[in-house]
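Student:
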Amino acid sequence: MTTSARVAVITGGGTGIGRASGLLLADAGIDVIVNYSRSEADAAATASDIEKKGVRARAIRADVSKREECERLVEGAVAAFGHVDILINSAGMTRFVPYPKLDDLDDKIWDQILRTNLMSAFWTSRAASRHMLRQGDGAIVNVASIAGHGTNASSIPYAVSKGAMITLTKTMARALAPTVRVNAVAPGVVETRWVGDNEEFKAAGRAATPLGRNAAAEDVGRAVKYLAVDATFVTGQIHNVDGGRVI
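In this text, residue positions in the sequence shown follow the working numbering: the first is 26, and each later residue adds one.
1) Please report the distance separating the alpha-carbon of Ile-191 from that of Ala-198.
2) So what's Tyr-124 in DSSP terms, helix, strand or just coil?
3) Along the chain, where does the alpha helix (DSSP H) containing His-156 start, and where does it finish?
4) What separation, rounded to the nearest whole angstrom, lies between the Cα atoms of Ile-111 and Val-32?
5) Give, in chain order, every unbroken run of the alpha helix (DSSP H) that is at least 4 residues long and sits entirely within the stretch 171 to 256.
6) Are the Cβ atoms of Arg-270 and Thr-234 separated by less than 8 Å?
7) How far does the beta strand (DSSP E) with Asp-56 in it extend, from its first residue to its last?
8) State the start and end residues of the unbroken beta strand (DSSP E) segment that holds Ala-82.
9) Taking 8 Å as the threshold (C-beta atoms), are Ala-82 and Asp-56 in contact?
10) So, at 7 Å on beta carbons, what are the nonlocal neighbours of Asn-265 in its own chain, with the 5 sequence-adjacent residues on each side left out?
11) For Lys-126, count neighbouring C-beta atoms within 10 Å of its own C-beta (all shown protein chains included) and say buried if the count is 16 or more, exposed if not.
12) If I measure Cβ to Cβ from Gly-37 and keep anything under 7 Å in the same chain, skipping five residues before and after, which residues do I get?
13) Among Asn-239, Gly-54, Lys-227, which residue has its Cα nearest to the Cα of Gly-79?
14) I'd like the list of long-range same chain contacts for Leu-139, defined as Cβ closer than 6 Å, with 5 residues on each side in sequence excluded.
15) Decide if the stretch 147 to 161 is in contact with the stretch 173 to 189; the criterion is three or more beta carbon pairs, one per stretch, under 8 Å apart.
16) By DSSP, does Leu-312 sit in helix, in strand, or in coil?
17) With distances taken from CA atoms, which of Gly-41, Ala-240, Gly-268 is nearest Thr-71?
Printed below as a string of structure tokens:
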């Protein structure tokens, strides 16, 4: 291990897509900051598993739905490992509210989802890009969703947040070029703890997917790793990881 290794910050890094992405980035020799808000034990376990691959890892608690916490997360990563080269915006949340039930969508739900899914990605990207621009290189990968393309989703606020994240990805790619690449993955249904025991939701996802199954976290993690590490001439792109659901 050397302090010159690249450093990735992953929001929501303790579980699901964030965890899978961290483990795959570690395979590429990249040190990882595992961000979490509530899942301390999961984040610690993920950091430990990453370290077993011969790189450095540290779990840092930050509620990325708050601007000041996003700033603190990035500065904490730089203080710990010296620099930040890759940012994966994987933190996210939703509420399962059928589309017709508009009166169930109070302002609190809208605020929680937009701050966690959209504003956190902007705040962390802004903070991390300051360092990347000074360093002369960097990559940001946002975890969006095919819900952002207009497919049926868990709720209207979730779909709106992911659609806005897709636009954020493209506009930030222009803003930060040519130094920092900004891309996004757009998964369909991913069978993680986030989906839980919602068998109806999972079954609907499988039925709508040409490849006949929902994604595993590792399917998405491989796309994240490609965009973060290998796709050096790709920016402003949305990589669907959906088994052909959006064709």
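Quick reminder that beta carbons are idealized off the backbone N, C-alpha and C, glycines included.
Computed from a prediction, not measured in an experiment: that's the story for all the values here.
Tutor: So, from the data block:
1) 11 Å
2) coil
3) 145 to 160
4) 6 Å
5) 181 to 201, 224 to 232, 242 to 250
6) yes
7) 56 to 61
8) 82 to 86
9) yes
10) Ile-171, Ala-211, Val-271
11) exposed
12) Gly-43, Asn-60, Ser-115, Ala-116, Gly-117
13) Gly-54
14) Ser-186
15) no
16) Residue coverage of the chain in this structure runs from 26 to 272, which leaves residue 312 outside it and unanswerable.
17) Gly-41
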